[in-house]
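*Asks:*
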Amino acid sequence: MNAENVNRILFQGGTVVDPQKASTRRADVLVVGGMIERVEARISAGDGTEVLDCRGKHIAPGFADMHCHLREPGREDEETIASGTAAALAGGFTRACPMPNTEPPIDTEAQVRFEIRRAAETGFARVHPVGCCTKGRQGKELAEIGSMVEAGAVAFSDDGSPVSDPQVMRRALEYCKAFDVPVISHCEVMELVEGVANEGRVSTKLGLKSGPDVAESAQAARDVLLAEFTRARLHLAHVSARATVDVIRWAKARGVQVTAETCPHYFTLTEEALGEFDANYKVNPPLRSEADRRAVIAGLADGTIDAIATDHAPHLKGEKEAEFDAAPPGIIGFETAFSLGYEQLVLGKVLSLADYIARLTVAPRRILNLPPAAVAVGSDAELVVLDLKADWAYSADRVLSLSRNSPFLGRTMRGRVAAALVGNKLFRL
Amino acid sequence: MKLRSRHLLGIEGLDRSEILTILDQARTFREVLDRTIPIVPALRGRTVVNLFYEASTRTATSFSLAASRLSCGCVNFSKATSSVSKGETLLDTARNIEAMGVDGIIIRHRSPGAPHFLSRHVKAFVVNAGDGAHEHPTQALLDAFTLRERLGSLEGKRVLIVGDIAHSRVARSNLLCFTKLGAKVAVCGPPTMIPPEVEEYGCEVFYRLDRILYEVDVVNMLRVQQERITSSSFPTVREYRAFYGLTVERLRKLAPEVVVTHPGPVNWGVEMDFDVADFSRALVLPQVTNGVAVRMAVLFLLAGGEQAG
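Chains as they are written, first to last, in our numbering: chain A, 1 to 429; chain B, 430 to 738.
(1) Answer with yes or no whether the minimum CB distance from P544(B) to chain A is below 7 Å.
(2) How would you label A419(A), buried or exposed, when you count the other beta carbons within 10 angstroms and need 16 or more for buried?
(3) Using a beta-carbon distance cut-off of less than 7 Å, what residues from the segment 645 to 670 of chain B approach chain A?
(4) Between the Cα of I594(B) and the Cα atoms of R587(B), H436(B), V614(B), which residue gives the shortest distance?
(5) Note down, in chain order, each residue of its chain lying with its Cβ closer than 6 Å to the Cβ of L480(B), except the 5 sequence neighbours on either side.
(6) E451(A) touches chain B at which residues, Cβ-Cβ below 7 Å?
(7) For E697(B), write down the residues that DSSP places opposite it in a beta bridge.
(8) What does the alpha-carbon distance come out to for the pair G303(A) and E323(A)?
(9) According to DSSP, is R679(B) helix, strand or coil?
(10) Measure from the C-beta of L206(A) to each C-beta in chain B and report whether the shortest distance is under 7 Å.
(11) Find the residues of chain B that neighbour A326(A), judging by a C-beta separation of less than 9 Å, and give them in chain order.
(12) Find out if the Cβ-Cβ distance for the pair V181(A), A151(A) is shorter than 7 Å.
(13) Can you name the residues of chain B whose CB is closer than 7 Å to the CB of A396(A)?
(14) For the segment 97 to 108 of chain A and the segment 402 to 411 of chain A, state whether three or more C-beta atom pairs, one from each stretch, are separated by less than 8 Å.
(15) Relative to the alpha-carbon of R231(A), which residue among G92(A), R359(A), R254(A), W392(A) has its alpha-carbon at the smallest distance?
(16) Given a limit of 7 Å on CB to CB distance, which residues of the segment 589 to 615 of chain B reach chain A?
(17) Along the segment 250 to 278 of chain A, where does the CB come closer than 8 Å to a CB of chain B? Name the residues.
(18) Answer with buried or exposed for P685(B), where buried requires no fewer than 16 other C-beta atoms within 10 angstroms of its C-beta.
(19) Can you give me the Cβ contacts of S161(A) inside the same chain, cut-off strictly under 8 Å, excluding the 5 residues immediately before and after it?
(20) Counting only beta-carbon atoms, is E323(A) nearer than 7 Å to chain B?
(21) Output needed for G92(A): all residues of its chain with C-beta closer than 6 Å, excluding positions within five of it in sequence on either side, in chain order.
(22) Considering only their Cβ atoms, is the gap separating D532(B) from R475(B) smaller than 7 Å?
(23) In the DSSP assignment, find the unbroken beta strand (DSSP E) run with T476(B) in it and report its ends.
(24) Please state the DSSP three-state secondary structure of T268(A).
(25) Output needed for R126(A): all residues of its chain with C-beta closer than 6 Å, excluding positions within five of it in sequence on either side, in chain order.
(26) Use the C-beta contact count for S210(A): other C-beta atoms within 10 angstroms, 16 or more gives buried, fewer gives exposed.
(27) Using the beta-carbon of each residue, which ones in chain A are nearer than 8 Å to A562(B)?
(28) Are three or more beta carbon pairs between the segment 203 to 218 of chain A and the segment 271 to 290 of chain A nearer than 8 Å?
(29) Using a Cβ-Cβ distance cut-off of 7 Å, determine whether E629(B) contacts chain A.
(30) I468(B): buried (16+ other C-beta within 10 angstroms of its C-beta) or exposed?
(31) Please report how far the alpha carbon of R464(B) lies from the alpha carbon of G195(A), in whole angstroms.
(32) What number of angstroms, rounded off, separates the C-alpha of P314(A) from the C-alpha of E335(A)?
(33) Per DSSP, what are the beta-bridge partners of H235(A) in this structure?
(34) Here's the rule: buried if 16 or more other CB atoms are within 10 angstroms of the residue's CB, otherwise exposed. What is R25(A)?
(35) For N525(B), does the three-state DSSP call read helix, strand or coil?
(36) Distance, Cα to Cα, R75(A) vs S395(A)?
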């Protein structure tokens with residue numbers, strides 16, 4: 001992925017999206033030295049100004065992915081911070097928050113600093129690590145959360161596994177209040193889960209070992225009640241089930257400080273896709289029923305679900321090319337997220353374009369206390385240029401991730417990220 | 430007549446006429462088995478491999494015998510003595526075996542869809558000999574064969590499948606097979622052993638055996654897996670037998686023409702009383718014999734052999 005250094009660049013002729021005000025307007029954007037200098041209806045390019053023709057395109061703040069897996073340290077054969085953040089940027093994500101279930105897990109200040117340093121040395125998108133809630137991600141003793149916050153961690157999670165012990169979860173929620181960071185809960189009652197397929201008509205038909213949706217929603221219910229009791233901030237990861245959406249809606253109505261995310265595959269695919277036993281459809285939580293998919297969309301529509309994250313989870317071909325039970329769960333998602341959401345939510349008339357982009361920008365930044373997303377004079381330049389009319393084919397040769405485990409390979413999608421600007425680095429995509 | 434698919438992955442992919450093709454072919458081979466020299470040269474020069482990842486002496490032996498009765502070579506690959514214990518993947522193993530030159534792979538695997546996965550990656554034909562809780566098509570075919578032998582046809586017959594429907598590949602394949610042959614199927618077991626939305630198979634669900642047992646023509650008992658006893662699927666063996674077991678007392682109350690099948694091996698004293706074996710309506714052993722004929726038919730049709738009978 002090649003960056004061009006641009007000192008003065010004019011984004012000319014495009015429509016600027018303001019996801020905070022949920023509005024769009026025709027405007028040119030001039031960026032000088034990595035700062036947005038002017039946003040006006042018509043700006044003429046002076047000498048020495050690079051001009052990017054944005055006619056027919058949209059300009060939006062860079063997206064922030066609050067849930068992904070970059071695999072470094074430990075599984076650099078699957079992904080590295082360099083390759084992962086390149087893929088993120090290609091998908092319009094100028095910020096990425098890697099989950100701490102690496103090998104070893106990110107549970108100390110030194111490891112958080114390692115990730116941030118690797119990102120500074122090799123990365124493309126900006127990286128904000130999520131640290132472990134508990135030491136070694138074992139769910140038993142709290143990790144050094146405060147020290148990790150000081151090193152740059154933005155949230156805490158044992159993602160990949162739940163914090164099963166309610167006392168440990170209670171303590172994590174309480175303790176995080178001191179640092180104003182959320183606990184991100186991977187909701188899963190492990191004892192209810194026999195395998196990574198949704199328990200329902202498809203698992204019955206295919207004889208797959210399965211887990212019921214209540215494995216997610218029961219844990220979500222426990223966690224929102226603990227968040228209410230402790231008056232702490234809770235964020236629920238990768239919401240996939242209708243009952244979980246209902247639990248969050250109920251909790252928000254009670255005033256619980258809970259936020260939630262879902263992923264493009266949960267509003268795009270259902271368990272019906274498992275018919276061929278293709279492990280590229282194996283994700284955790286599993287793809288669920290059409291009713292669940294619709295409930296997730298309804299949750300996005302009414303704001304019950306705040307954010308869209310990718311849960312980008314790279315795995316090698318050799319790992320996924322196996323019998324369904326043996327393959328690891330997870331799919332890559334950076335490079336397809338925007339288009340899938342655009343198709344399902346904007347073209348599907350669930351959200352306006354600006355509301356949709358807010359779920360990729362405003363919501364995750366607010367939840368994680370990152371600088372607000374704006375195309376505004378005086379702010380750091382962190383922009384994406386979107387071509388909403390483009391149809392593009394997602395093929396293996398264009399994947400920037402080191403892994404290719406996507407069920408969407410071969411699919412033609414609508415709406416693509418045409419360029420991204422991070423500071424004074426321009427990436428034409 | 431040939432089958433549409435190159436593989437036998439499940440009853441799911443077969444239509445009624447294909448099932449009948451296999452059963453008719455099996456009838457020819459069933460007669461072969463009664464000859465003094467029970468062997469035909471139908472697949473001379475061919476070789477199949479038994480790739481069994483789960484222990485199963487019966488099914489593996491039945492396939493081996495079926496192959497040898499067709500003059501087809503058969504090698505047995507067992508997990509315990511292979512590189513699988515050294516971490517070789519299923520795909521590696523299958524490709525290596527295929528590279529040695531075999532026409533067909535008969536696979537049993539604990540993972541649902543393993544035969545389907547294999548069929549996408551090898552040129553040999555693949556026979557599913559049981560994949561996890563998904564399908565066990567040759568068991569369904571031999572059950573159907575055995576029932577047709579006794580009842581003439583399954584059309585309109587009422588079949589009750591009793592036991593751990595959720596974790597049974599036999600239940601799934603039999604539900605599909607019997608339904609395709611026109612039977613009216615019901616399933617019965619404790620709610621902990623009934624999978625969600627099983628009604629989509631077009632079957633009725635009963636939680637209490639005595640409410641349906643005396644209204645059916647065929648009772649298809651399933652084996653209770655030992656691990657279910659420790660996973661809270663039911664409290665005790667004693668209670669399972671009391672509510673779901675085919676006891677001699679229940680058997681005696683069945684109408685005389687009602688028959689009983691079981692895929693074996695039977696947990697005697699759990700799902701069926703020991704003495705049930707003595708009743709001629711229990712078809713457990715004829716099922717085993719017919720299994721060889723049905724598997725001969727499957728291998729013959731998939732390998733595209735020439736002279737039958």
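From the three backbone atoms N, C-alpha and C, an ideal C-beta is built for every residue, glycine too. In this text the structure is predicted, and so the values were computed from the model without any measurement.
*Replies:* So, to answer that:
(1) What you label residue 544(B) is simply residue 115 of the second sequence in a count that begins at 1. By this cut-off, P544(B) is not an interface position.
(2) Walking along the first sequence from the start, residue 419(A) turns up at place 419. By the 10 Å Cβ count, A419(A) comes out buried.
(3) Those residues of the segment 645 to 670 of chain B placed with their C-beta closer than 7 Å to a C-beta in chain A do not exist.
(4) By one-based count along the second sequence, residue 594(B) stands at place 165. When each option's Cα is compared against that of I594(B), the closest is V614(B).
(5) Looking up residue 480(B) in the second sequence gives position 51. Within the same chain, Cβ atoms closer than 6 Å to the Cβ of L480(B) are found at F506, I534, I536, the five residues on either side in sequence being excluded.
(6) Residue numbering for chain A in the displayed model covers 1 to 429; residue 451(A) lies beyond these limits and cannot be assessed.
(7) Indexing the second sequence from 1 puts residue 697(B) at position 268. The amino acid occupying residue 697(B) in the given sequence is Trp; Glu does not appear at that position. Looking at the DSSP output, W697(B) sits in a beta bridge with M701(B).
(8) For this step, residue 303(A) is matched to residue 303 along the first sequence. For this step, residue 323(A) is matched to residue 323 along the first sequence. Their Cα atoms are separated by approximately 38 Å.
(9) Within the second sequence, the letter at position 250 stands for residue 679(B). Judged by DSSP in its simplified three-state form, R679(B) adopts helix.
(10) Counting from one through the first sequence, the residue named residue 206(A) turns up at place 206. L206(A) counts as touching chain B.
(11) For the purposes of this step, residue 326(A) is identified with residue 326 of the first sequence, where counting begins at 1. Correct list: T518, L519, S540, A543.
(12) Working through the first sequence from its first residue, we reach residue 181(A) at position 181. Working through the first sequence from its first residue, we reach residue 151(A) at position 151. 7 Å or more divides the Cβ of V181(A) from the Cβ of A151(A).
(13) Against the first sequence, residue 396(A) aligns to sequence position 396. Those within 7 Å of A396(A) in chain B number zero; the least Cβ separation is about 17 Å.
(14) Proximity of the segment 97 to 108 of chain A to the segment 402 to 411 of chain A falls short of the contact definition, fewer than three beta-carbon pairs being nearer than 8 Å.
(15) By 1-based counting over the first sequence, the position of residue 231(A) is 231. For R231(A), the closest alpha carbon among the candidates G92(A), R359(A), R254(A), W392(A) is that of R254(A).
(16) Within the segment 589 to 615 of chain B, R598, R601 place their CB atoms closer than 7 Å to a CB of chain A, listed in sequence order.
(17) Here the close residues are E276, F277.
(18) Position 256 of the second sequence holds residue 685(B). Classification for P685(B): exposed.
(19) Position 161 of the first sequence, counting from 1, holds the residue named residue 161(A). So the list reads N101, R137, G139, H186, E188, M190, once near-sequence residues are dropped.
(20) The residue you call residue 323(A) lines up with position 323 of the first sequence. Look at E323(A): its C-beta is under 7 Å from a C-beta on chain B.
(21) As a working mapping, residue 92(A) is identified with position 92 in the first sequence. Counting only Cβ-Cβ distances below 6 Å, and skipping sequence neighbours, we find F63, F338, V384, V417.
(22) As a working note, residue 475(B) is residue 46 in the second sequence. As a working note, residue 532(B) is residue 103 in the second sequence. Annotated as proximal: R475(B) and D532(B), with beta-carbon spacing under 7 Å.
(23) For the purposes of this step, residue 476(B) is identified with residue 47 of the second sequence, where counting begins at 1. Element bounds for T476(B): 476 to 481.
(24) Within the first sequence, the letter at position 268 stands for residue 268(A). Of the three classes helix, strand and coil, the one that applies to T268(A) here is helix, per DSSP.
(25) Taking the first sequence and counting its residues from 1, one reaches residue 126(A) at position 126. Only R95 meet the Cβ criterion.
(26) Translated into the one-based positions of the first sequence, residue 210(A) becomes position 210. With 16 or more other CB atoms across the displayed protein chains lying within 10 angstroms of its CB, S210(A) is buried.
(27) Indexing the second sequence from 1 puts residue 562(B) at position 133. Residues of chain A with a Cβ closer than 8 Å to the Cβ of A562(B) are, in chain order, G207, L208, K209.
(28) Remark: three or more beta-carbon pairs, one from each stretch, lie closer than 8 Å, so the segment 203 to 218 of chain A and the segment 271 to 290 of chain A are flagged as touching.
(29) Mapped onto the second sequence, residue 629(B) falls at position 200. At least one C-beta of chain A is nearer than 7 Å to the C-beta of E629(B).
(30) In the second sequence, the residue the question calls residue 468(B) occupies position 39. Counting Cβ neighbours within 10 Å, I468(B) comes out exposed, since fewer than 16 surround it.
(31) The residue you call residue 464(B) lines up with position 35 of the second sequence. The residue you call residue 195(A) lines up with position 195 of the first sequence. Near 48 Å, if we compare the C-alpha coordinates of G195(A) and R464(B).
(32) Here residue 314(A) refers to the residue found at position 314 of the first sequence. Here residue 335(A) refers to the residue found at position 335 of the first sequence. C-alpha separation (whole angstroms): 12 Å.
(33) Locating residue 235(A) in the first sequence gives position 235, counting from the first residue. DSSP, once it has assigned bridges, lists I184(A), T259(A) as partnering H235(A).
(34) For this step, residue 25(A) is matched to residue 25 along the first sequence. Exposed is the label assigned to R25(A), since fewer than 16 other Cβ atoms lie within 10 Å of its Cβ.
(35) Within the second sequence, residue 525(B) is the residue found at index 96, counting from 1. The answer is helix: DSSP assigns N525(B) an H, G or I state.
(36) As a first step, residue 75(A) is located in the first sequence; it is residue number 75 there, counting from the start. As a first step, residue 395(A) is located in the first sequence; it is residue number 395 there, counting from the start. One C-alpha to the other measures close to 24 Å.
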